[in-house]
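Residue numbers (UniProt numbering): 1 to 40. Heads up, the beta-carbon is just placed ideally off N, CA and C, and yes, glycines get one too. Quick caveat, the model's predicted, so the values are computed rather than measured. Reviewing the structure listed below.
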Amino acid sequence: MHGNKQHLQKDFFLYNASKARSRTYINMREVSERFRLPPS
């Protein structure tokens with residue numbers, strides 16, 4: 001994912017619901033967790 005330079009517009013986040021949540025929240029710039037999502 002380091003090579004992907006595409007930026008998402010604000011509308012993407014307004015009209016697409018989140019699919020997963022992290023169990024822990026840390027007030028840092030990055031929280032990483034692996035999720036298995038159904039194909040869609």
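Using a Cβ distance threshold of 8 Å, residue 19 and residue 37 count as a contacting pair.
Rounded to whole angstroms, the gap between the alpha carbons of residue 33 and residue 21 is 9 Å. A straight-line Cα-Cα distance of about 14 Å links residue 13 and residue 6.
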